[in-house]
Structures are given as structure tokens and as C-alpha cells.
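Asker:
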Amino acid sequence: MIQTMRWFGPNDPVALAHIRQAGCTGVVTALHQIPVGEIWSPEAIAERIALIEKAGGLYWSVVESLPVHEAIKKGLPSREQYIANYRESLRNLAACGIQTVCYNFMPVLDWSRTNLVYELPNGAKTLRFVWQDFAVFDLCILKRPGADKDYAPEVQKAAVAQFAGMSEADKQKLQQTALLGLPGSEEAFSLENFQSLLDAYAEIGDAELRQNLYYFIQQVAPIAEECGINLCIHPDDPPRPLLGLPRVVSTASDLQQLLDASPERANGITFCTGSLGVRADNDLPAMFSHFADRIHFIHLRATIREENPLNFHEADHLTGDVDMYAVVKAIVLEEKRRATLGLEDAQIPFRPDHGHQMLDDLGKKTYPGYSAIGRLKGLAEIRGLELGIRNSFV
Numbered sequence: 230m231i232q233t234m235r236w237f238g239p240n241d242p243v244a245l246a247h248i249r250q251a252g253c254t255g256v257v258t259a260l261h262q263i264p265v266g267e268i269w270s271p272e273a274i275a276e277r278i279a280l281i282e283k284a285g286g287l288y289w290s291v292v293e294s295l296p297v298h299e300a301i302k303k304g305l306p307s308r309e310q311y312i313a314n315y316r317e318s319l320r321n322l323a324a325c326g327i328q329t330v331c332y333n334f335m336p337v338l339d340w341s342r343t344n345l346v347y348e349l350p351n352g353a354k355t356l357r358f359v360w361q362d363f364a365v366f367d368l369c370i371l372k373r374p375g376a377d378k379d380y381a382p383e384v385q386k387a388a389v390a391q392f393a394g395m396s397e398a399d400k401q402k403l404q405q406t407a408l409l410g411l412p413g414s415e416e417a418f419s420l421e422n423f424q425s426l427l428d429a430y431a432e433i434g435d436a437e438l439r440q441n442l443y444y445f446i447q448q449v450a451p452i453a454e455e456c457g458i459n460l461c462i463h464p465d466d467p468p469r470p471l472l473g474l475p476r477v478v479s480t481a482s483d484l485q486q487l488l489d490a491s492p493e494r495a496n497g498i499t500f501c502t503g504s505l506g507v508r509a510d511n512d513l514p515a516m517f518s519h520f521a522d523r524i525h526f527i528h529l530r531a532t533i534r535e536e537n538p539l540n541f542h543e544a545d546h547l548t549g550d551v552d553m554y555a556v557v558k559a560i561v562l563e564e565k566r567r568a569t570l571g572l573e574d575a576q577i578p579f580r581p582d583h584g585h586q587m588l589d590d591l592g593k594k595t596y597p598g599y600s601a602i603g604r605l606k607g608l609a610e611i612r613g614l615e616l617g618i619r620n621s622f623v
């Protein structure tokens, strides 16, 4: 397993030196400064590679993410130019030696939480999603037309009562948290323009979004295969519809349909145990084994489903609802299979996804979920788990 960490570029409070000291060799990053849809030039890619390698002992192992323009997700006529740009970016990345590119197909928001600093009993802080809190935002702050259809009557009633008792500061904090869905940024959408972004999906349901995804992958996977790049889609986070928007990468069935839509091995999966693990009906070890040959990148983290199963928070990497032992064992077995076949990608890059804010990091400002010490703790736990599993095969 290739040990990596995500790095948000030169402004990331977690320095490349810290990632190296954690024991990683790979860096997972992206060119966040380039507007979505524009071509990543060879010069910009080479500049980022040089910056990473200058730190010593590190290389750019995975692009996360090469973002998909909203015009592609919505199936607009302008998607053809954005798809052409995407193919050109893939060619440029391949020419610079990059072999793994992660992307997602979540409309408007990349991820959603309702609390970024949920305090655990031990004093560490973590990310949390509470369905009723999200209903407060949707029904009472955003006031999305038709939102009442998405919540049970008792949830609506409780949300209205909760909103009435909230301070203006609490309302503002919930709004900012719910609208903070862009990786590598601490800037939230404005409430004023957010509804217009949702309105653009008024005629796009589950079937339409799936077809737009399949069209996209059919246009880019052959180019990726030709270039020697493995594309890997990230699952929905959380894996269920929100804000009236469809989510089409949440279950084993969703993943199978995507792989069937374009048969190239380059059309693959980012196996995120945290996102997929939120759903109790996702059997993660079985899913990994089933899709193993098409899994090109792995995010390892665990969540805990709370008393209300629609609520969850980020757990320690080994103690949540995810059977991390069974997942890592499946990874090790797949890597052994690939090595036996002599495949170039016998080692699969993974990163400890998210991490608790703890110890000295409690006083620092970092990207939500991406403080150094919490991820280091998760990496150390997974590293030890992998070593124990590998030694058990001797």
C-alpha cells in the first residue's frame, strides 16, 4: 500500500515536510488555482511536481481532483468543449508522469456536514452530519422550494422549533458549514446565489445525471486508457440525495452501472470507506473484493452511525462502523494478486482520510478534516494493521 496524504498546495498549513515526516512517499494534490474546466498546462503541472520533489523523498502520486465542470454534470451543449479540455488535461498529466486521477460527479457541493468542530468525549474535534440540522438549513435558512417533500413531518416540526430557538450566530454558523463544500477552500457559497445553482438542476433527476456521467466517462476513459492514466471516481458524501439533488455514486449498484457504461480498466473507483460506510447496506469488504481490479485509489476512514442512522460523525480510523481489518485484508490480497500477475499498479495508493483535530492542532487553523496529527494517528494505525495482516500470511 502506497502511503500518501492530501496536500492543498502552498497555502496548506500542513507542510510537505510534515507529510514526509509522517512516513509518506506520495502526495495527493490538485491545481486548485486553475478555474474548473480550464486545461491544466504541462507547465503548471511540472511546476507543482518540482515543488513537491524539492521537499525530498516525495512525489505527486495522485491528482485529487481534476474537477468536472457543472456543464458536463448538467449535460449542457457547452459540455463538449469542457470534455475536450478534460481530455487535454489528462494527456498533459500523463506526459508529466502522473498515472492516477480522482474525480467526483456530485452536483454543486462536493461534500456536506453540519458541524466541523463536534467535540468528542476525549476533547478532540471531528466532523459531523445531523439530518435535523440539515433540515433546519434547508427549510428555514435556505427556504428551498419543495424542501418539505424531503423530510418527514416530525423532522419538519422539530426543525422549525429548533430554528426558533437558535441565536443569529448559530444560524450563521450552520449556514456557513452547510455551504462549505469545495475542497481546498474555506470559502462558502453565498446564500444569494446558492438557490440559483440548485435551480439549474430542476430538470435533472437521477436518470439524467446518470446518463450525463456515463456520457462523460465514455468520452474520457478511452483517452485515459491510451495515456496510461487510471481514472477513479469518488463516491457521494454523504451517499444519499440532498437539497433535491440526485446522487448516483452511493451503492454497489451505482458503481457497477458506471463500470458497465465504459469497459476500460481506466474507468475505475476511488474506494472511500468513509463515504460508502455511512450506508449500513454497503458491505465494504465484499464491495472491495468485487470491484478490486478497478479500484485505483483508496481513502481509509471510518464513521459512526448514530442513534438516528441518518446522523453520523467521523470516528477513529479503527473504531467506527467500518470493519477496517477486513477492508485492509482485502487490499493486501488484491495487491498480492496484482503482483503475481506482474501488473505495474500492484501497489495501490491510499491516504488516511480526514482525522480528528487533536493535541497541538486544536489551536491551529487547518482545512476541515485535514489537520496533521489526527491523520498521522490514522496513518500509524493503518500502517500497523497492514503490517500485522501481511505477517499473518507468512
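Per the numbering used here: the sequence shown = residues 230 to 623. Even for Gly, the Cβ is constructed at its ideal location relative to N, Cα and C. Since the structure is predicted, the reported quantities are computational estimates derived from the model, not experimental observations.
#1: Should the region 538-550 be regarded as contacting the region 518-527, the criterion being three or more beta carbon pairs within less than 8 angstroms?
#2: Between which two residues does the beta strand (DSSP E) containing V477 stretch?
#3: Is the region 526-533 touching the region 567-585, taking contact as three or more C-beta pairs under 8 angstroms?
#4: Between V292 and L322, how many whole angstroms is the CB-CB distance? I'm expecting something under 8 angstroms.
#5: With a floor of 4 residues, list each alpha helix (DSSP H) that falls wholly inside the region 481-518, ordered by position along the chain.
#6: Could you have a look at F334 and say whether DSSP puts it in helix, strand or coil?
#7: Look at the Cβ atom of L513, then the Cβ atom of V551, and state whether they are nearer than 8 angstroms.
#8: Where does S318 sit, in a helix, a strand or coil, going by DSSP?
#9: What would DSSP say about H585, mapped onto helix, strand or coil?
#10: Tell me the DSSP bridge mates of E348?
#11: Is it buried or exposed, D362, if we count other Cβ atoms within 10 angstroms and call 16 or more buried?
#12: Assess contact between the region 376-392 and the region 479-494, defined as three or more Cβ pairs (one per stretch) separated by less than 8 angstroms. Is contact present?
#13: So who's on the other strand from Q232, going by DSSP bridges?
#14: Cα-Cα, which of L588, A568, M587 and S504 is closest to G549?
#15: Taking only three categories from DSSP, how would you classify Y288?
#16: What do you get for G286, buried or exposed, if any count of 16 or more other CB atoms within 10 angstroms of its CB means buried?
Answerer: Let me spell this out:
#1: no
#2: As a first step, residue 477 is located in the sequence shown; it is residue number 248 there, counting from the start. Segment: none, V477 is in no beta strand (DSSP E) and carries neither H nor E.
#3: yes
#4: Against the sequence shown, residue 292 aligns to sequence position 63. Against the sequence shown, residue 322 aligns to sequence position 93. Their Cβ separation, rounded to whole angstroms, is 6 angstroms, which keeps V292 and L322 in contact under 8 angstroms.
#5: 481-490 and 502-506
#6: Taking the first residue of the sequence shown as position 1, residue 334 is located at position 105. Three-state DSSP puts F334 in coil, outside helix and strand.
#7: Here residue 513 refers to the residue found at position 284 when the sequence shown is read from its first residue. Here residue 551 refers to the residue found at position 322 when the sequence shown is read from its first residue. Cβ distance < 8 angstroms, so L513 and V551 count as in contact.
#8: Counting from 1 along the sequence shown, the entry for residue 318 is found at position 89. S318: helix per DSSP, three-state reduction.
#9: Taking the first residue of the sequence shown as 1, we reach residue 585 at position 356. If DSSP states are grouped into helix, strand and coil, H585 belongs with coil.
#10: Taking the sequence shown and counting its residues from 1, one reaches residue 348 at position 119. Beta-bridge pairing links E348 to K354.
#11: As a first step, residue 362 must be located in the sequence shown, where it is residue number 133. Counting Cβ neighbours within 10 Å, D362 comes out buried, since at least 16 surround it.
#12: no
#13: Residue mapping note: residue 232 aligns to position 3 of the sequence shown, counting from 1. Paired residue(s): F579.
#14: As a position in the sequence shown, residue 549 is number 320, starting the count at 1. The shortest C-alpha separation from G549 is found at S504.
#15: Here residue 288 corresponds to residue number 59 of the sequence shown, with the count starting at 1. Y288 falls in the strand class under three-state DSSP.
#16: Taking the first residue of the sequence shown as position 1, residue 286 is located at position 57. Result: exposed.
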